[in-house]
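K.L.:
Residue numbers (the working numbering), protein chains in the order written: chain H, 1 to 375; chain E, 1 to 375.
1) Assuming residue 255 of chain H and residue 54 of chain H are in contact, meaning their beta carbons sit under 8 Å apart, how far apart are those beta carbons, in whole angstroms?
2) Suppose you measure from the CA of residue 52 of chain H to the CA of residue 266 of chain H; what does that come to, to the nearest Å?
3) Tell me the start and end of each unbroken beta strand (DSSP E) in the segment 144-232 of chain E that is at least 3 residues and wholly inside, in chain order.
4) Alpha carbons only, please: which of E:96, E:141, E:132 is nearest the one belonging to residue 400 of chain E?
5) Where DSSP assigns a beta bridge to residue 37 of chain E, which residues make up the other side?
6) Beta-carbon within less than 7 Å of residue 304 of chain H's beta-carbon, same chain only, minus the 5 sequence neighbours each way: which residues are those?
7) Chain H partners of residue 255 of chain E, CB-CB under 7 Å?
8) Rounded to whole angstroms, what is the Cα-Cα separation between residue 168 of chain E and residue 143 of chain E?
9) Determine whether the beta carbon atoms of residue 334 of chain H and residue 205 of chain H lie at a separation below 8 Å.
10) Leaving out five residues on either side along the sequence, give the residues of the same chain with a beta carbon under 6 Å from the beta carbon of residue 345 of chain H.
11) CB-CB under 7 Å to residue 93 of chain H, same chain, minus the five flanking residues each way: which ones, in chain order?
12) Span of the beta strand (DSSP E) holding residue 251 of chain H?
13) Could you round the C-beta distance between residue 77 of chain E and residue 233 of chain E to whole angstroms and report it? I think they count as a contact, below 8 Å.
14) Using alpha carbons as the reference points, say which of H:338, H:207, H:227, H:374 lies closest to residue 250 of chain E.
15) Helix, strand or coil for residue 138 of chain H? Go by DSSP, reduced to three states.
16) Just to make sure I have the definition right: I need the residues of chain E whose C-beta is within less than 9 Å of the C-beta of residue 245 of chain H. Which are they?
17) Which ranges would you report for the alpha helix (DSSP H) in the segment 59-111 of chain H if only whole runs of at least 4 residues count?
18) Which residue spans inside the segment 248-330 of chain H form an unbroken alpha helix (DSSP H) run of at least 4?
19) Under 8 Å between C-beta atoms, does residue 40 of chain H make it to chain E?
20) For residue 113 of chain E and residue 85 of chain E, what's the separation of their Cα atoms in angstroms?
21) Do the segment 103-111 of chain E and the segment 257-264 of chain E make contact, defined as three or more Cβ pairs closer than 8 Å?
22) So what does DSSP say about residue 55 of chain H, is it helix, strand or coil?
23) Below 8 Å on the Cβ atoms is my guess for residue 188 of chain E versus residue 211 of chain E; work out the distance and round it to an integer in Å.
24) Identify which residue in E:285, E:357, E:317 has its Cα closest to the Cα of residue 20 of chain E.
25) Consult DSSP for residue 48 of chain E and reduce its assignment to one of helix, strand or coil.
26) From residue 371 of chain H to residue 286 of chain H, what distance separates their C-alpha atoms?
27) Would you verify that the beta carbon of residue 52 of chain H is, or is not, closer than 8 Å to some beta carbon of chain E?
28) Quick one: is residue 6 of chain H near chain E, going by C-beta distance under 8 Å?
29) Please tell me whether residue 169 of chain E has its Cβ less than 8 Å away from any Cβ of chain H.
30) Below 8 Å, can you find three or more Cβ-Cβ pairs linking the segment 172-181 of chain E to the segment 26-45 of chain E?
31) If the cut is a Cβ gap below 8 Å, which residues of chain E does residue 230 of chain H touch?
32) Are the C-beta of residue 82 of chain H and some C-beta of chain E separated by less than 8 Å?
33) Leaving out five residues on either side along the sequence, give the residues of the same chain with a beta carbon under 7 Å from the beta carbon of residue 273 of chain E.
34) Please name the residue in E:314, E:361, E:355 whose C-alpha comes closest to that of residue 373 of chain E.
35) Exposed or buried, residue 357 of chain H, counting other C-beta atoms within 10 Å across all chains shown (16 or more means buried)?
36) Count the other C-beta atoms from every protein chain shown that fall within 10 angstroms of the C-beta of residue 355 of chain E, then say buried if there are 16 or more, exposed otherwise.
Encoded structure:
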């Protein structure tokens with residue numbers, strides 16, 4: 001199958017010039033800004049040097065944040081992990097062991113399937129069943145049509161690789177009810193859970209109540225350094241700590257990630273609606289340009305994918321020119337699609353959008369519309 | 001088998017008072033000082049906020065340090081890992097896969113056997129053969145007497161759990177030569193490699209030349225936050241990156257560990273002889289006290305174990321009194337041995353020893369000798 005790579009790996013020499021144009025643009029419309037040491041320094045500015053390190057998963061520095069996140073997610077208990085890759089494999093392993101069944105089900109473009117070098121299979125011997133076509137969301141009928149029993153179903157909300165799409169909340173509820181009735185554990189890949197709450201108009205705890213286990217991330221829209229939380233019942237999270245040690249994730253000190261996650265969580269959790277509304281507005285403006293379309297057509301989070309009906313190399317030249325003329329950068333790389341006929345990129349609204357003067361954004365869209373029409 | 005736990009887990013309510021006495025003592029003779037956020041802040045004080053993050057194992061921030069460590073260890077290539085637990089399991093997995101043999105050999109008190117919740121077995125299906133008695137070092141004859149072929153032999157230098165003992169360098173050379181002749185890969189658990197170089201009077205590269213793969217740690221005597229390096233030939237380290245992603249250790253940003261490791265490596269790598277000589281001197285003074293013995297009797301690194309020929313609870317009261325009267329703390333916890341008849345603790349010389357006034361140290365040993373003689 002076609003395995004899209006993480007953005008950082010997609011840069012080829014030809015893309016370098018687009019990356020350069022993006023990196024040197026006066027403004028950037030997406031994200032929170034470059035990942036620099038400043039992000040760490042800012043988070044630690046107000047933290048006393050006298051604060052104790054966590055020690056192999058113990059101590060107030062880690063336990064307090066875990067309690068806060070458990071409460072936020074409405075779960076009994078939560079464990080901080082260095083990465084979602086580690087947290088999610090472990091969640092699935094625990095559910096598989098409990099069911100004595102090494103099969104799980106997830107979307108073909110699930111993070112575990114395309115970004116983790118098959119860790120789930122190679123380390124845990126778990127066999128995933130891919131539900132739905134890669135281009136659409138998992139539906140109740142997909143779950144009902146499973147030919148063999150699975151220990152766990154993983155749902156990613158929103159489904160990142162198809163632009164950040166979401167099922168209707170009612171569909172989520174029936175999938176959850178169906179899984180409970182069949183003894184299938186439901187796990188939430190909530191890497192971007194915060195970002196969908198304004199659209200669903202639900203609290204995190206309300207959404208998480210539909211799931212047996214939940215993973216959330218602190219370096220996407222929260223903008224922290226790295227780190228993840230895995231939450232569920234205490235027996236589940238206690239087991240996850242044993243696996244965290246087995247994976248080599250039970251570090252003597254995780255506080256660089258814990259304290260920065262806490263800092264940026266507090267700074268940005270209240271801005272998710274602003275980011276979401278910004279995405280809805282910008283998506284409509286992209287959609288209005290010739291040869292440009294967005295997916296989903298109306299965003300349900302702060303992210304969407306922008307598709308260009310022209311080859312990647314051509315579009316790179318167009319974008320370089322747009323950035324240069326408007327001073328506004330959109331992305332540093334494009335992903336090829338349809339055998340080279342089209343291309344796309346992922347757009348996420350963060351703090352930076354608010355700092356770009358409106359007339360620059362207008363100019364950027366004017367240039368984009370003009371140049372893409374002329375090709 | 002008897003599985004000693006990490007220090008942090010050994011604290012029981014009764015020990016708490018010893019931990020308190022240690023934590024509140026005016027001076028501490030061991031280590032570099034408490035693990036507090038100050039350790040991070042100091043490392044980052046001189047680092048520009050404008051420095052780029054590493055990105056999923058790529059970028060100058062990580063690659064430069066990896067090159068420096070590869071050179072220091074005399075290996076072709078090196079990879080930064082969040083933990084040694086992760087790095088070492090992966091090293092053994094690669095050697096097992098190459099040999100198509102899931103058996104490795106190591107000491108009964110190897111870190112992988114007693115501190116990692118059996119990750120090697122549970123995640124990698126590798127079956128370790130325990131060489132030597134737990135109370136002594138692995139010798140050439142142990143390796144020669146292996147009844148079945150193994151893919152890899154792991155040697156830990158020094159062998160921490162028995163006080164930090166070392167084989168004679170000549171024995172190491174013959175073990176290495178024997179393994180090469182038999183096609184057995186030799187892996188170095190070098191968690192405390194820096195610390196033994198003064199005793200061996202060798203460079204790191206000279207020691208590492210005897211091994212096919214090497215792991216080193218940055219939070220023991222280097223005193224960093226966390227982090228490890230795995231080094232070897234490029235093909236080996238490239239494979240290790242794939243496994244690092246599978247384990248969930250290929251974080252978007254590892255720079256909090258990388259840059260602090262680099263900072264404290266540069267600060268302390270030149271002090272290993274000072275620490276080692278300090279350990280030799282202090283060990284002799286412990287040994288001179290009644291009912292007290294050290295292991296090894298003459299240290300070969302900055303560490304040794306102090307054994308008391310009396311029950312743990314009694315000795316805790318003695319130590320509390322020693323700390324109180326001398327103002328010098330030695331340890332926050334004791335490990336029970338011989339079915340409760342004796343107890344011990346691990347002592348490591350770091351930066352703090354040099355800050356304790358000589359007359360306080362004299363007073364501490366005077367009190368210890370007096371009190372332990374009176375019991």
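Ideal placement from N, C-alpha and C gives every residue a C-beta, glycine not left out.
Computed from a predicted model, the values in this text were never measured in an experiment.
P.N.:
In brief:
1) 5 Å
2) 21 Å
3) As far as the segment 144-232 of chain E is concerned, its whole beta strand (DSSP E) runs of at least 3 residues are 152-156, 185-190, 213-217, 228-232.
4) Absent from the model: residue 400 of chain E. The displayed extent of chain E is 1 to 375, so no value can be given.
5) Per DSSP, none; premise fails for residue 37 of chain E.
6) 163, 164, 279, 283, 294, 295, 296, 347
7) Simply 37.
8) Spanning the two alpha carbons is a distance of roughly 16 Å.
9) no
10) 306, 331, 334
11) 124, 126, 243
12) Segment: none, residue 251 of chain H is in no beta strand (DSSP E) and carries neither H nor E.
13) A Cβ-Cβ separation of about 7 Å places residue 77 of chain E in contact with residue 233 of chain E under the 8 Å criterion.
14) Across the set H:338, H:207, H:227, H:374, the C-alpha of H:227 shows the shortest separation from the C-alpha of residue 250 of chain E.
15) Coil.
16) Within 9 Å Cβ-Cβ: 85, 115, 116, 117, 119.
17) 60-73, 84-99
18) Taking 4 residues as the shortest admissible run, the segment 248-330 of chain H contains the following complete alpha helix (DSSP H) segments, listed from N- to C-terminal end: 255-268, 272-287, 312-326.
19) yes
20) Cα to Cα, residue 113 of chain E sits roughly 11 Å from residue 85 of chain E.
21) With the cut-off at 8 Å, the segment 103-111 of chain E and the segment 257-264 of chain E do not touch.
22) strand
23) 4 Å
24) The shortest CA-to-CA distance from residue 20 of chain E to any of E:285, E:357, E:317 is the one to E:317.
25) coil
26) The alpha-carbon atoms of residue 371 of chain H and residue 286 of chain H are separated by roughly 13 Å.
27) At a cut-off of 8 Å between beta carbons, residue 52 of chain H contacts chain E.
28) Low confidence applies to residue 6 of chain H: its pLDDT is 47, below 50, so where it sits in the model is not reliable, and the reading given next is rough at best. Closer than 8 Å to some Cβ of chain E, the Cβ of residue 6 of chain H qualifies, so yes.
29) No, residue 169 of chain E does not count as interfacial toward chain H.
30) no
31) Chain E residues near residue 230 of chain H: none, gap ~11 Å exceeds 8 Å.
32) yes
33) 198
34) E:314
35) exposed
36) exposed
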